[in-house]
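Heads up: the structure comes next, in structure tokens.
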Amino acid sequence: MERLQKYMASCGVASRRKCEEIIAEGRVKVNGVTVREAGLKIQPGKDRVTVDGKEIIPANKPVYIMLNKPVGYVSTVRDQFMRPTVLDLVRGVKGRIYPVGRLDYDSEGLILLTNDGNFAYGLTHPRHKVDKTYMVVVQGRPDRIEIDRIRSGVEIDGRMTSPADIRVESIQGNKTTFRVVIHEGRNRQVRRMFEAIGYTVVSLKRTGIGKLQLGTLAPGKWRFLEDREVKDLYKEIEDK
Numbered sequence: 234m235e236r237l238q239k240y241m242a243s244c245g246v247a248s249r250r251k252c253e254e255i256i257a258e259g260r261v262k263v264n265g266v267t268v269r270e271a272g273l274k275i276q277p278g279k280d281r282v283t284v285d286g287k288e289i290i291p292a293n294k295p296v297y298i299m300l301n302k303p304v305g306y307v308s309t310v311r312d313q314f315m316r317p318t319v320l321d322l323v324r325g326v327k328g329r330i331y332p333v334g335r336l337d338y339d340s341e342g343l344i345l346l347t348n349d350g351n352f353a354y355g356l357t358h359p360r361h362k363v364d365k366t367y368m369v370v371v372q373g374r375p376d377r378i379e380i381d382r383i384r385s386g387v388e389i390d391g392r393m394t395s396p397a398d399i400r401v402e403s404i405q406g407n408k409t410t411f412r413v414v415i416h417e418g419r420n421r422q423v424r425r426m427f428e429a430i431g432y433t434v435v436s437l438k439r440t441g442i443g444k445l446q447l448g449t450l451a452p453g454k455w456r457f458l459e460d461r462e463v464k465d466l467y468k469e470i471e472d473k
């Protein structure tokens, strides 16, 4: 027996958390009956599971891809406004893959794509505390007190953010570039952290996830992760 959302993730539908949302939306049927309970246990190989009317089966081979997302793409499988998605940049990959977490439409940098739901779940769930590194350019020159507020945590939607590792990389004119490392992934979190201290983010680029670095990968380009890189990321999940 296996929980429905975990089975869906193993079939490459989405991460476990996203699968729970898909179930709650009434898009999943088990043996022809619509279910809305994520904790439902099924028997793989015996029970028939469909998502949006299409039967799902476990993915044969795990796929792990890193992509340098340019500005102007959404990090979802499909977009209701018909904007280009990160999947439009990945050609020639067999099977269904999906983004691990998100990068804003107006942000750029490192994003992972996979069909391994457990991999995606581990990297995005807050309890695993996997670091994400960003290069952030803001309009203005925050002082030490303001920077310390981000370092200690600021309030977003009634909740404090976890402490951030933040340091000034450069100052040019009236713009300041910061290196920011956080392990949370709230909606537009980095931008909103700076908004909380009164500054607007001009550009935002994610350069690292755990030990994995974007390096020289050009905007819009992608490559498969090496086995050691996948192992390193799984180790980050297991160690935390």
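234 is the number of the first residue of the sequence shown in our numbering; add one for each residue after it. Cβ atoms here follow ideal geometry from the backbone N, Cα and C, with glycine treated the same way. These numbers were taken from a predicted model, which means no experiment stands behind them.
Nearest-angstrom beta carbon gap, residue j and residue i [assumed within contact, 8 angstroms]
| i | j | result |
| --- | --- | --- |
| residue 383 | residue 430 | 6 angstroms |
| residue 244 | residue 290 | 6 angstroms |
| residue 301 | residue 444 | The Cβ separation is near 17 angstroms, so there is no contact. |
| residue 334 | residue 357 | 5 angstroms |
| residue 426 | residue 363 | Their Cβ separation, rounded to whole angstroms, is 18 angstroms, which puts residue 426 and residue 363 out of contact at 8 angstroms. |
| residue 284 | residue 260 | 6 angstroms |
| residue 435 | residue 408 | 6 angstroms |
| residue 236 | residue 264 | That belief does not hold up - the Cβ atoms of residue 236 and residue 264 are roughly 16 angstroms apart, past 8 angstroms. |
| residue 248 | residue 257 | Going by Cβ atoms, the distance from residue 248 to residue 257 rounds to 14 angstroms, so no, they are not a contact pair. |
| residue 439 | residue 336 | 6 angstroms |
Min CB distance residue i to chain C below 7 angstroms
| i | result |
| --- | --- |
| residue 464 | Of the protein chains in the structure, only one exists, and it is not chain C. |
Alpha-carbon to alpha-carbon, residue j and residue i
| i | j | result |
| --- | --- | --- |
| residue 342 | residue 287 | 33 angstroms |
| residue 276 | residue 400 | 50 angstroms |
| residue 377 | residue 339 | 27 angstroms |
| residue 210 | residue 355 | Outside the displayed span of the chain (234 to 473) sits residue 210, for which this structure offers no information. |
Pick from the options that is closest to residue i, judged by C-alpha positions
| i | options | result |
| --- | --- | --- |
| residue 424 | 389, 403, 446 | 389 |
| residue 451 | 363, 402, 304, 257 | 304 |
| residue 373 | 419, 255, 428 | 428 |
| residue 406 | 327, 375, 307 | 375 |
| residue 279 | 266, 234, 457 | 234 |
Classification of residue i by the beta-carbon crowding that lies within 10 angstroms, buried from 16 upward
| i | result |
| --- | --- |
| residue 385 | exposed |
| residue 344 | buried |
Discussion item. With a threshold of 8 angstroms, are at least 3 pairs of Cβ atoms found where one atom belongs to the region 338-356 and the other to the region 291-301?
Written reply: yes
Discussion item. With a threshold of 8 angstroms, are at least 3 pairs of Cβ atoms found where one atom belongs to the region 455-468 and the other to the region 364-372?
Written reply: no
Practice prompt. Tell me, please, whether the region 390-398 touches the region 412-419 by the rule of three or more beta-carbon pairs shorter than 8 angstroms.
Written response: yes
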